[in-house]
DNA sequence: TACTTTCAACGAAAAAATTCGTATTTTTAC
DNA sequence: GTAAAAATACGAATTTTTTCGTTGAAAGTA
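Chains as they are written, first to last, in my numbering: chain R, 1 to 127; chain S, 1001 to 1127.
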C-alpha cells in the first residue's frame, strides 16, 4: 500500500535525494557507497529507505534490469523550494527577509555570488 | 538524566520555541493555549514536550513560583542561524546563493523588504 | 474545613524514522 | 553444473518523537 506522501522528506531521505541529484540515477549500491563516505550505513538499510521512498513517491525506480535504478520523483528545485518554504513558515514566521539575512550570516558568500543575488533582486523588483 | 542536546529542535519543539520568542517567557498553559489556536494539543502533551526541552537545554525554566515559567535557552537569531545553516548543507550543498533564490521564489517579498535585503548585500560587499 | 481546580511529575502507549538480519532469487565465476 | 557473489523483499528490532492518562500536591473557594 502506498504511504502518506507529500510531507517533507526526512533527514535520511534528504541525504539520499541529495546523492541522486548530484550523481544522477543510481542503484542502491551506488547510493550506499556514497553514503558510506560520510558515515557507515548497512546496505539493507539504504535499500529499505529507498523502498519506502518509492512507496511515498519521493523517488521512482526503473525495475527493468536486475539492479533497480532510482531517480528523484521531483526536481531539486521543487524540493528545495518546499523545504525552504517550510522552514520559512516554521522558524521565521514567513519573513523571507529574515531568512535571507540569517542565511547570509550563516555562511560566507563570495562577491560573485553576492552580485548574482543582487541581480536576482533587481529582477524581482522589476515585476 | 540530561538528554543529548544541541541537535536541531524537532518540529514540535520549534513550534514551542516560536511561541516563546513571539510571546516572551510563558507558562505551559499559555503555550498550550497558543498552540491550540492552530491545532488541538492536550495540556500534558505540551507539558511533557517542555519538560523534555528543559532536559535537552532548549529552554530554561523559572521554578520559583507554582507555575513554572519557560523561556528559550538560545536567542531566536542563533537558532535560526543554526536551522538555516543546517538546511543549507543538507539540501543546498552549501550554496547560499541557491537557498536565497529558492526562498525568494517560495514567497512573495514586498518592495520594501527587497530594498532592505539589497542594503544588507551592499554591507556584506563592503567587507 | 471540605470540595474543586490547577499544576507538575511520571510512565507508558502510539507513531514515525532508522537500522539491520534473514530468506530468496539471479547472476557470475570457476 | 556448482559454488560464491550480488541483488531484492520482508519482517522485525531499535530509536526518536509525539501524545496522553493517572497521580499527587498545592491553591483557591464555598
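Glycine is no exception: its CB is placed at the ideal position from the N, C-alpha and C atoms.
Every value quoted in this text rests on a predicted model; they were computed, and no experiment measured them.
- Residue 1076 of chain S and residue 96 of chain R have their C-alpha atoms some 15 Å from each other.
- With the criterion set as a beta carbon lying under 8 Å from some beta carbon of chain S, the members of the stretch 97-108 of chain R are 97, 98, 99, 100, 101, 102, 103, 104, 105, 106, 107, in sequence order.
- Neighbours of residue 39 of chain R across chain S, judged by C-beta separation under 9 Å, do not exist; the nearest C-beta is about 13 Å away.
- Taken through DSSP and simplified to helix, strand or coil, residue 11 of chain R comes out as helix.
- When the Cα atoms are used, residue 1037 of chain S and residue 1060 of chain S turn out to be separated by approximately 24 Å.
- Taking the beta carbon of residue 1058 of chain S as reference, no residue of chain R falls within 7 Å; the closest one sits roughly 13 Å away.
- The shortest CA-to-CA distance from residue 72 of chain R to any of R:23, R:11, R:123 is the one to R:23.
- Within the model, the alpha-carbon separation for residue 115 of chain R versus residue 19 of chain R is close to 29 Å.
- Using a Cβ-Cβ cut-off of 8 Å, residue 84 of chain R is close to 1087, 1091, 1099, 1102, 1103, 1106 of chain S, given in chain order.
- Between the C-alpha atoms of residue 1011 of chain S and residue 80 of chain R there is a straight-line separation of about 18 Å.
- Contact between the stretch 1100-1109 of chain S and the stretch 80-95 of chain R is established, with three or more Cβ pairs separated by less than 8 Å.
- In the DSSP secondary-structure assignment, residue 1061 of chain S is bridged to S:1070.
- The shortest CA-to-CA distance from residue 93 of chain R to any of S:1098, S:1107, S:1026 is the one to S:1107.
- Close to chain S, meaning a Cβ-Cβ distance shorter than 7 Å, are the following residues of the stretch 106-127 of chain R: 106, 107, 109, 111, 113, 114, 116, 117, 118, 120, 121, 124, 125.
- Here the C-alpha atom of residue 1009 of chain S lies approximately 28 Å from the C-alpha atom of residue 1120 of chain S.
- Between the C-alpha atoms of residue 66 of chain R and residue 1021 of chain S there is a straight-line separation of about 53 Å.
- For residue 1110 of chain S, the secondary structure class from DSSP, reduced to helix, strand or coil, is coil.
- Judged by DSSP in its simplified three-state form, residue 1093 of chain S adopts coil rather than helix or strand.
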